[in-house]
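Below is one structure; the comments refer to it alone.
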Amino acid sequence: WVHYAPLVKAINELKRERGAVILAHNYMTPEIFHCVGDFRGDSLQLAKEAARTDAKVIVQAGVHFMAETSKLLSPDKTVLIPDPLAGCSLASSITADDVRALRAAYPGVPIVTYVNTSAAVKAECDITCTSSNAVKIVEGLGAPRVLLIPDQYLAKYVQTQTDKVEIITWKGSCEVHERFTGDEMEAMRAADPGLKIIAHPECPPDVIEASDFTGSTAAMIDWVKTKRPAKVVLVTECSMASNVAAEVPDVEFVRPCNLCPHMKRISLEKIYEALLYNRYEVTVDPTVAEKARRAVERSRSTAS
Ligand code: 13P
Ligand code: SF4
């Protein structure tokens, strides 16, 4: 930690000078999450903070779709992403043309998009959701059939939580969570019957079936903080276990390590350079932004 100190100090000074805040996703490495993040959380919590902040500049310590969402919610602010190549396999699994084709194939069926998509895709959809409010959003539409895109596994999980709606989905998946397997969960459980397994809903169904709890990254953290299991495995991107472990020293973490290569593009050095050189600014075409913002705002008023 000591070797991070000069950079942490420089970033915190630059933040003050520039009137900037850093929104840090739960998958950031601990030196970012704990030492320079002003607000930490899951996709929904960070979006709420982006809408609420008085700061002039938002630095998104996360991936590109999160920075775009911040820009949609705070159009007059400067939104910076420290590495513009920080993408997401879900966001790149679907285009605006694909959504238009779905609309034509399923006339009258509302389209809910997970926030892990581009602004151009959001602009073609009716409403957005995150993993923490997906069930509420899908049910809230009052429709018998809903398209929930692009994560096939989140859609399958949501279908297990509701019998009010038939869910149709897309073929996208998260390259981090899809690598976990049910066999891996059974092997961990067999090795240690007292182990608690908690999984993100982007995991395949057999992983979720083998788990004791399923929820967004923030819900997973809350579960660990309130239940205080003796031993737990967080079936998600592995930086999160390091971040939570610092706050619950009484809990032992089993750590299979699947890293998100996109989240890991964000480093202290790049955050420093983002603030110093005002880069890389995230912009959204105004016509796209207006339609995409409507989908995000509708979600905020439905699930607030
Ligand atoms: P949440 O933090 O909203 O659960 O999302 C997880 C994720 O994979 C973000 O990319
Ligand atoms: Fe996308 Fe998965 Fe990485 Fe999240 S963890 S940014 S869903 S690839």
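Residue numbers (the UniProt record's numbering): 59 to 362.
For each residue, glycine too, the CB sits at the ideal point set by N, CA and C.
As the structure is a computational prediction, the values presented were derived from the model and not from experiment.
Beta-carbon proximity list for residue i, same chain, < 7 Å, skipping 5 on both sides
i, result
"PHE123", "CYS146, ALA149, VAL173, ASN174, THR175, SER176"
"GLY95", "ILE80, ALA82, MET86, ALA119"
"LEU143", "ARG323"
"GLU197", "THR220, LYS222, VAL223"
"PRO133", "ALA347"
"ASP270", "LYS254, ILE255, ILE256"
Cβ-heavy atom distance, residue i to ligand 1, below 7 Å
i, result
"VAL121", "yes"
"SER189", "yes"
"LEU212", "no"
"ASP100", "yes"
"HIS92", "no"
"ASN316", "no"
"SER151", "no"
"THR275", "yes"
Cβ-heavy atom distance, residue i to ligand 2, below 7 Å
i, result
"SER147", "yes"
"VAL234", "yes"
"ASN336", "no"
"ASN84", "no"
"GLU355", "no"
"GLU295", "yes"
"ASN174", "yes"
"GLU260", "yes"
"HIS61", "no"
"MET278", "no"
"MET298", "no"
"MET243", "no"
"MET246", "no"
Neighbour flag for residue i against chain D, beta carbons, 8 Å
i, result
"ALA332", "The question asks about chain D, but that chain is absent: this structure has only one protein chain."
Span separating the alpha-carbon of residue i from that of residue j
i, j, result
"residue 386", "ALA350", "Lying before the first or after the last residue shown, residue 386 is absent from the chain, which here runs from 59 to 362."
"ASN301", "ARG98", "10 Å"
"LEU206", "ILE169", "6 Å"
"VAL340", "LYS114", "14 Å"
"LEU334", "LYS328", "10 Å"
"TYR62", "LEU104", "24 Å"
"VAL216", "PRO202", "14 Å"
"ILE225", "ASP112", "38 Å"
"ARG74", "ASP156", "43 Å"
"TYR164", "ARG158", "10 Å"
"CYS183", "ALA192", "14 Å"
"PRO262", "PRO319", "19 Å"
"GLY230", "PHE91", "28 Å"
"VAL121", "THR127", "10 Å"
"CYS315", "GLU260", "16 Å"
"VAL167", "ILE266", "27 Å"
Cβ-Cβ distance between residue i and residue j below 8 Å
i, j, result
"VAL312", "ALA257", "no"
"LYS194", "ALA361", "yes"
"LEU253", "LYS289", "yes"
"ALA125", "ALA154", "no"
"CYS232", "ASP209", "yes"
"MET321", "GLU295", "yes"
"VAL117", "ALA78", "yes"
"LYS106", "VAL342", "no"
"ALA276", "ASN84", "yes"
"ALA162", "LEU131", "no"
"GLU244", "ALA268", "yes"
"residue 47", "ARG76", "Past the edges of the chain, shown from 59 to 362, lies residue 47, and the structure says nothing about it."
Whole-Å CB distance - residue i paired with residue j, under 8 Å assumed
i, j, result
"ASP141", "ARG323", "4 Å"
"GLY273", "SER151", "23 Å between Cβ atoms; not a contact."
"LEU65", "ARG337", "Not really, about 17 Å apart at Cβ, beyond 8 Å."
"ASP264", "THR239", "7 Å"
"GLU236", "TYR211", "7 Å"
Same chain, Cβ closer than 8 Å to residue i, five either side skipped, listed in chain order
i, result
"VAL282", "ILE256, VAL290, LEU292, VAL302, VAL306, VAL309"
"TYR330", "LEU65, ALA68, ILE69, LEU72"
"LEU317", "VAL234, GLU295, CYS296, SER297"
"ASP250", "LYS289, VAL312"
"LEU160", "ILE169, LEU205, ILE207, TRP228"
"PRO88", "SER297, SER300, ASN301, ALA304"
"ARG247", "LEU253, ILE255, ALA268"
Spatial neighbours of residue i in its chain, beta-carbon cut-off 6 Å, leaving aside the 5 residues before and after
i, result
"SER101", "VAL173, THR188"
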